[in-house]
Amino acid sequence: MTCRFVTSAVVLALPVRNPGTAPRRAGTDRRRSCGRSNTASRVWGRGDTAPRQKGGGCVRVLVTGAAGFIGAHVVEALAGDYGVMGVDDFSSGTLERVGDIAVQRLDVTDPDAVMRAFRAFRPDAVLHLAAQVGVERSAAEADRQLGVNVYGTMNVLQAAAACGTGRVVLASSAAVYGNPRRLPVDEDHPTDPLSVYGRTKLAAERLVRECARDGGFEYVILRLGNVYGPRQRRETGPVVASFFLDALEGRGLTIFGDGLQTRDFVYVRDVAQAFRLALHCPPGVVANVGGGSATSIRDLAEMVCRLVGTSVRPRFAPPRPGDIRASVLAGDVARRRLGWKAAVDLVTGLRETCEWYRGLAAQGVAGAASATERARTRISSP
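Each step along the sequence shown adds one to the number in the numbering used here, with nothing skipped, and position 61 is 358.
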């Protein structure tokens with residue numbers, strides 16, 4: 298079975314793109330198959346909470362974006378209980394994040410490579426986290442975001458449908474909501490993304506729904522708040538990582554706008570547990586994954602400075618296009634349908650994050666290089 302891809306509902310969510318630059322879609326040859334019947338697609342989450350299949354076989358989970366910030370934590374949360382295959386193009390993920398799990402080099406925008414990975418591993422479920430992230434990078438990198446977040450998702454879904462994968466869990470974003478009309482933002486809130494990133498995530502959600510219907514697999518969509526924690530990199534634009542690194546290096550913290558805008562911060566290890574639970578919750582769940590409270594950027598800056606022990610004054614810069622004014626996510630669906638609630642409060646999470654960045658600073662460039670080299674030996678490529 299295959300799935301239809303671009304419908305009018307999906308196209309409405311996409312930014313304009315030159316059709317001549319679109320990556321090839323995985324559906325070029327719709328007769329391709331993994332040699333596995335779609336009857337393998339089964340109902341998860343109805344009394345099935347054990348991570349083992351009948352007969353003791355390990356549930357096989359494919360994680361895309363496995364070397365990235367969130368993906369690496371997800372892989373660690375699954376290791377030991379599931380058979381895990383991680384894939385990543387290593388464009389932003391760093392090799393030392395993957396622990397002892399071998400990660401295959403894979404670009405999800407390459408449909409043939411994606412199909413080969415599915416044929417080789419034959420996953421029971423896919424946690425799709427591969428994405429080009431960041432609201433502030435949208436204007437400059439819209440084409441790359443569209444390629445990875447939309448066409449890359451198409452390729453993953455096509456392979457899942459062809460190979461009889463039972464479930465696809467999509468990492469989406471609270472950016473799909475845009476500026477909230479009410480707080481807290483629940484899953485029924487209208488979607489009106491302000492950025493290219495948010496629009497590509499909304500398009501990916503629509504693709505998942507359509508392909509699940511046409512391709513015979515189940516889906517779960519997790520709309521993530523502002524995820525923070527150890528291993529986060531400044532390059533992808535997260536405010537927590539930027540604040541800690543600037544404070545530890547004695548530089549002033551840069552606040553875009555007046556700093557009164559609020560965000561819903563959620564600790565990365567809590568997010569990893571949400572993905573683990575999404576493997577066994579009822580199908581068709583769309584759930585917010587957030588900390589459940591609003592924190593202003595000014596307050597965040599003060600908390601970071603207190604933890605670091607610095608009194609540097611923040612610098613204020615013009616607001617960034619695509620930034621929303623306020624965000625706090627309702628968590629009722631995640632509690633009821635996933636059995637998930639954030640366990641780590643912001644103060645505790647920031648303290649643990651601060652210690653990780655302190656260790657990184659103490660390690661120095663030489664230490665970081667040697668750690669990367671050690672991790673490189675754990676990477677296997679097809």
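Note that the Cβ used here is the ideal one computed from N, Cα and C, for glycine as well.
Here the structure is a predicted model, which is why all the values come from computation and not from measurement.
- By the Cβ rule, the stretch 612-622 does not count as touching the stretch 650-662, because fewer than three pairs are nearer than 8 Å.
- Secondary structure note for His577: it is in no alpha helix (DSSP H), with a DSSP letter that is neither H nor E.
- Rounded to the nearest whole angstrom, the CA to CA distance from Asp543 to Ala575 is 35 Å.
- Across the structure, Pro580 and Arg548 are spaced so that their CA atoms are roughly 47 Å apart.
- Counted as a single uninterrupted DSSP element, the stretch harbouring Ile398 is not any alpha helix (DSSP H), since DSSP gives it neither H nor E.
- Under the DSSP definition of a beta bridge, Asp385 partners with Arg402.
- Remark: C-beta atoms of Val400 and Gly377 do not approach each other more closely than 8 Å.
- Unbroken beta strand (DSSP E) stretches of 3 residues or longer found wholly inside the stretch 533-591: 551-553, 562-564 and 583-586, given in chain order.
- Comparing alpha-carbon positions, the option among Ala422, Pro420, Asn446 and Val641 lying closest to Gly431 turns out to be Asn446.
- Note on Asp386: 16 or more other CB atoms within 10 angstroms of its CB, so buried under the neighbour-count rule.
- Here the C-alpha atom of Leu480 lies approximately 32 Å from the C-alpha atom of Tyr448.
- Note on geometry: alpha-carbon atoms of Gly587 and Ser624 lie some 10 Å from one another.
- Tyr379 carries a strand assignment under DSSP once its states are collapsed to helix, strand and coil.
- Residue range Leu643 to Arg673 is occupied by the alpha helix (DSSP H) that includes Val644.
- It is roughly 30 Å from the alpha-carbon of Ala501 to the alpha-carbon of Thr650.
- Counted as a single uninterrupted DSSP element, the beta strand (DSSP E) harbouring Ala422 occupies residues Ala422 to His425.
- With fewer than 16 neighbouring CB atoms inside 10 Å of its own CB, Arg478 falls in the exposed class.
- Judged by their CB atoms, Glu515 and Arg573 are not nearer to each other than the 8 Å cut-off.
- In this structure, DSSP gives Phe613 an extended state, which the three-state scheme calls strand.
- Annotation for Ile518: the continuous beta strand (DSSP E) segment containing it runs Glu515 to Leu521.
- According to DSSP, Ser624 shares a beta bridge with no other residue.
- An exposed status is given to Asn476, since fewer than 16 other beta-carbon atoms sit within 10 Å of its beta-carbon.
- A direct Cα-Cα distance of roughly 15 Å separates Val583 from Leu426.
- With contacts defined by Cβ atoms closer than 8 Å, Val517 and Cys578 form a contacting pair.
- When the Cα atoms are used, Gly461 and Val405 turn out to be separated by approximately 18 Å.
- By the Cβ-count criterion, Glu546 is exposed, with fewer than 16 other Cβ atoms from all chains shown falling within 10 Å of its own Cβ.
- Taking 8 Å as the cut-off, the beta carbon of Ala456 is found no closer than this to the beta carbon of Gly362.
- Contact annotation: Leu521 and Ala598 have beta-carbon atoms that are not nearer than 8 Å.
- Going by C-alpha positions, Val568 is about 17 Å away from Arg648.
- Spanning the alpha carbons of Val411 and Val453 requires a straight line of approximately 7 Å.
- The three-state secondary structure of Ala468, taken from DSSP, is strand.
- For the pair Asp511 and Thr450, the Cα-to-Cα distance works out to about 15 Å.
- The stretch 637-644 makes contact with the stretch 553-570: 3 or more CB pairs, one atom from each, lie closer than 8 Å.
- Boundaries for Arg357: no alpha helix (DSSP H) harbours it, while the beta strand (DSSP E) harbouring it runs Arg357 to Thr361, taken from the DSSP string.
- With respect to the 8 Å criterion, Val605 and Phe541 are classified as neighbours on the basis of their beta carbons.
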